[in-house]
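Visitor:
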Amino acid sequence: MGNLQELLALAKSQQGYQEKTGTGNLDEFDANAGYKDYTKYSRDVNNWGLAGCQGQPWCATYQFWLEAMTFGVAEALDHYHMTEDNYRGYNCFATYRAFEQAGRISQEPQIGALIVFNYSHIGRVIAIKDGRVYTNEGNTSALYGDRNGGTVREKSYA
Numbered sequence: 020m021g022n023l024q025e026l027l028a029l030a031k032s033q034q035g036y037q038e039k040t041g042t043g044n045l046d047e048f049d050a051n052a053g054y055k056d057y058t059k060y061s062r063d064v065n066n067w068g069l070a071g072c073q074g075q076p077w078c079a080t081y082q083f084w085l086e087a088m089t090f091g092v093a094e095a096l097d098h099y100h101m102t103e104d105n106y107r108g109y110n111c112f113a114t115y116r117a118f119e120q121a122g123r124i125s126q127e128p129q130i131g132a133l134i135v136f137n138y139s140h141i142g143r144v145i146a147i148k149d150g151r152v153y154t155n156e157g158n159t160s161a162l163y164g165d166r167n168g169g170t171v172r173e174k175s176y177a
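Heads up: take any position in the sequence shown, counting from 1, add 19, and you land on our numbering.
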């Protein structure tokens, strides 16, 4: 279906998307922006028959959404080492555990890989350069300086 370059392009296209105060304007990047954790990502995952967990922290749901939009839901579940019956891709720790149980954990970042921070936040590696890892993350620091964590943003780490 899709490929890594398409996934990375989709991730880049989502930069600046802000969470909403409710279910209105979910497809708009900044309309109805607020602090209630409502997103188009959770809506779509719910519509695929999986738990999108609308109104809850959404960093992991966003990463699964990227996979499903690029590769299709069935292949995304396979990538996540999950099935429809045991899907927990909305949870950072459960996602980490699924990869760990499949023997797919590494301390060496790779382009396109998920990166889990203290089991409580998840992003995707989009570049590695000059000793830094660049990520695309959902539900992270907002664009306007507040610390709510309500946006999709690219970040970098040593």
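Where is the CB? At the ideal position from N, CA and C, for every residue including glycine. Just so we're clear, the structure is a prediction, and the values are computed from it rather than from any experiment.
Rounded to the nearest angstrom, how far is the Cβ of Thr58 from that of Lys39, given a contact under 8 angstroms?
Guide: Sure, about 7 angstroms apart at Cβ, within 8 angstroms.
Visitor: With burial defined as no fewer than 16 other Cβ atoms inside 10 Å of the residue's Cβ, what is the status of Met101: buried or exposed?
Guide: Label assigned to Met101: buried.
Visitor: Tell me whether Lys55 sits in a helix, a strand or coil according to DSSP, three-state version.
Guide: Residue state, collapsed to three classes: coil.
Visitor: Report yes if the C-beta distance between Tyr197 and Phe118 is below 9 angstroms; otherwise report no.
Guide: No answer is possible for residue 197: the residues shown for the chain start at 20 and end at 177.
Visitor: Relative to the C-alpha of Gln73, which residue among Arg116, Thr89 and Gly41 is closest?
Guide: Considering only alpha carbons, the answer is Gly41.
Visitor: For Asn110, does the count of other Cβ atoms within 10 angstroms reach 16, so buried, or fall short, so exposed?
Guide: Asn110 is buried by the Cβ-count criterion.
Visitor: Got a sec, what are the start and stop residues for the alpha helix (DSSP H) Phe83 sits in?
Guide: Start and end: Cys78 to Phe90.
Visitor: May I have the straight-line CA-CA distance separating Ile134 from Lys55, to the nearest angstrom?
Guide: For Ile134 and Lys55, the distance between alpha carbons rounds to 24 angstroms.
Visitor: How many angstroms separate the CA atom of Thr159 from the CA atom of Glu94?
Guide: Cα to Cα, Thr159 sits roughly 26 angstroms from Glu94.
Visitor: Look at the alpha carbon of Gln75 and the alpha carbon of Phe90, and state the distance between them as a whole number of angstroms.
Guide: Their backbone Cα atoms lie some 25 angstroms apart in a straight line.
Visitor: With DSSP run on the structure shown, which of helix, strand or coil describes Arg62?
Guide: Three-state result, Arg62: helix.
Visitor: Counting C-beta neighbours from all protein chains within 10 Å, is the total for Ile124 16 or more, i.e. buried, or is it exposed?
Guide: Classification for Ile124: exposed.
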